[in-house]
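All residue numbers for the sequence shown refer to the working numbering, where the first residue is 2 and numbers rise by one.
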Amino acid sequence: MTAPKTFGLSSEARNLHWLLSNLVEEVPGILSVAVVSSDGLLLLSSDPGRNAEAREARSDKRTGPRGSAADLATVVSGIGSLTIGTSKLMDFGPVKHTMVTMDEGSLFVMSISDGSLLGVHGSADCDMSVVAYHMALFVGRAGHVLTPELRSELRKNLETESTGSPR
2 MTAPKTFGLS
12 SEARNLHWLL
22 SNLVEEVPGI
32 LSVAVVSSDG
42 LLLLSSDPGR
52 NAEAREARSD
62 KRTGPRGSAA
72 DLATVVSGIG
82 SLTIGTSKLM
92 DFGPVKHTMV
102 TMDEGSLFVM
112 SISDGSLLGV
122 HGSADCDMSV
132 VAYHMALFVG
142 RAGHVLTPEL
152 RSELRKNLET
162 ESTGSPR
């Protein structure tokens, strides 16, 4: 995992970065993590260094790095929209979490607050209950601080990291 640059960020933003880093380092089998806003924008990721790599791969018409947080954010946003629409159609209340299991890994999506989502890409041998438990802890700790102001700060920080321009 590439450590995100947190210099100059608010204490809330630094705490979210710390929580995300802790999630990845503490839970075996987590490959990539992305926090996505309600409008589908990547706010925070476990591997910000690979986001530029993913964009370059798409522009070069290559397949790109599998599992990058930029790609994960796209999938999480799509699954989030699909499950929210399904929930409204079936009138069963809000979606709490979604899990997709595949032969080579798993994808977990959990609602944070006001439409924001936490997405985790896990390896095939990850303990799904442990991943889900730690995601719930992250959501419980992060949900109340993920304000519109903090989302804006995180988005601007991610953009400056990917372009390399100074703040």
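In this text, a Cβ means the ideal position worked out from N, Cα and C, and glycines have one as well.
- Cβ-Cβ distances below 6 Å link MET103 to nothing in the same chain once the five nearest sequence neighbours on each side are left out.
- Looking at the DSSP output, LEU118 shares a beta bridge with VAL37 and SER112.
- Cβ-Cβ separation between ALA35 and SER46: approximately 5 Å, consistent with a contact (criterion under 8 Å).
- Looking at LEU10, LEU90, SER117 and GLU105, the one whose alpha-carbon comes closest to that of HIS98 is SER117.
- Apart from the 5 residues on each side of it in sequence, ALA74 sits with its Cβ closer than 6 Å to the Cβ of ALA35, VAL37 and LEU43 in its chain, given in chain order.
- Between ALA125 and the set SER107, ALA137, ILE80 and GLU27, the nearest pair of CA atoms involves SER107.
- An exposed status is given to SER12, since fewer than 16 other beta-carbon atoms sit within 10 Å of its beta-carbon.
- Taking a contact to require three or more Cβ pairs closer than 8 Å, the stretch 133-152 and the stretch 17-32 qualify as touching.
- When the five nearest sequence neighbours on each side are left out, the beta carbons in the same chain lying within less than 8 Å of the beta carbon of ASP128 are those of PRO29 and GLY30, in order along the chain.
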